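Chemist: Let me begin by handing over the structure; questions about it come next.
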Amino acid sequence: MPPKRKRVERSAKLNTEQEEAAAKPAEKEPPPGDSPEDAAKETSLRSRKKPAAKSSGKETDKSKAAPGDKVLHSYWLMKSEPESRIENGVDVKFGIEDLKAQPEQTGCWDGVRNYQARNFMRDMKVGQLAFFYHSNCKEPGIAGLMKIVRDAYVDHTQFDKNDVHYDRSSKEDNPKWSMVDVQFVRMMERFIPLAELKKYHHEHKSKGGPLKHMALFTRARLSVQPLTKDEFDFVLSLEDKKPF
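Sequential numbering from 2 applies to the sequence shown in my numbering.
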């Protein structure tokens, strides 16, 4: 019998008012038979006892592709809730400090029930970096860094009838949903709030800059988002700057 895992984030309340204000209408992706609620479900992080895989080493930016080719990303932003919220009698809180507290500071990113977010996770490779973004809280923003330590594999919660992310339409011989394993890397030198990122986004939209098309604002409802190398590097550079 597998160890019990702490239930965390459900997407219905994933976005803060600030995020929704910045978002454009999300594309509807669910196939026939899936409800809009299922398609809107976002990501949750659950504790998982397993050794962390070794990083593949130096990452390369694969965000540029020839016309007609699939765009491959090497950097990511992934959201989770750092504040307590009760879901079916279970506290779904899971912030970056909770990830740090896991065995080997590693956990599986399960519960994703949005097709585009799932596909992004399937594109992830071991060793790639992701920002840990605190969402649905008093001050949303980027809290730290983590890395992908296991490529996408079957998300077991879709088959668990007692789990909030159970999907009766998913079959074990043809599972719909995937997850990856992540490992804590470090905290940001300073917390980078959404409000600050939003100011840079607006400035870069009008004057040009790396955050002009940042998915946090153009696809804000997604809990798993790709970043270009320029976006990733710019956000990291904010650690050494005074708040906007």
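All residues carry an ideal CB built from backbone N, CA and C; glycine is no exception. Predicted model, so just to flag it, every value in this text is computed and none were measured.
(1) Note down the Cα distance separating E240 from F233, rounded to an integer number of angstroms.
(2) With C-beta atoms as the reference, is P194 less than 7 Å away from H135?
(3) Can you give me the C-alpha to C-alpha distance between F121 and R222, rounded to a whole angstrom?
(4) Is the beta carbon of D156 less than 7 Å from the beta carbon of W178?
(5) Leaving aside the five residues before and after D124 along the sequence, list all residues of the same chain whose C-beta is less than 7 Å from its C-beta, in chain order.
(6) State the start and end residues of the unbroken alpha helix (DSSP H) segment that holds R123.
(7) Restricting to runs no shorter than 4 residues, where is the alpha helix (DSSP H) found entirely within the stretch 92-177?
(8) Between which two residues does the alpha helix (DSSP H) carrying D234 extend?
(9) Measure the alpha-carbon distance for F95 versus H205 and round it to whole angstroms.
(10) Can you find a CB in chain B that lies within less than 7 Å of the CB of M125?
(11) If we ignore side chains and look at the alpha-carbon of each, how far apart do D168 and G209 end up?
(12) So, helix, strand or coil for S85, using DSSP?
Modeler: The relevant details are as follows:
(1) As a working note, residue 240 is residue 239 in the sequence shown. As a working note, residue 233 is residue 232 in the sequence shown. E240 and F233: Cα-Cα distance of roughly 12 Å.
(2) If you number the sequence shown from 1, residue 194 lands on position 193. If you number the sequence shown from 1, residue 135 lands on position 134. The answer is no: Cβ separation not under 7 Å.
(3) As a working mapping, residue 121 is identified with position 120 in the sequence shown. As a working mapping, residue 222 is identified with position 221 in the sequence shown. Taking the straight line joining both Cα atoms gives about 14 Å.
(4) Taking the sequence shown and counting its residues from 1, one reaches residue 156 at position 155. Taking the sequence shown and counting its residues from 1, one reaches residue 178 at position 177. Result yes, Cβ atoms of D156 and W178 sit closer than 7 Å.
(5) For this step, residue 124 is matched to residue 123 along the sequence shown. Excluding positions up to five away in sequence, the list reads L73 and H74.
(6) In the sequence shown, residue 123 corresponds to position 122, counting from 1. Unbroken alpha helix (DSSP H) run through R123: Y116 to D124.
(7) 97-101 and 116-124
(8) Looking up residue 234 in the sequence shown gives position 233. K230 to S238 is the extent of the alpha helix (DSSP H) around D234.
(9) Mapped onto the sequence shown, residue 95 falls at position 94. Mapped onto the sequence shown, residue 205 falls at position 204. Each residue's alpha carbon lies about 32 Å from the other.
(10) No chain B is part of this structure, which consists of one protein chain only.
(11) In the sequence shown, the residue the question calls residue 168 occupies position 167. In the sequence shown, the residue the question calls residue 209 occupies position 208. So the two alpha carbons sit approximately 43 Å from each other.
(12) As a working note, residue 85 is residue 84 in the sequence shown. Coil at S85, not helix or strand.
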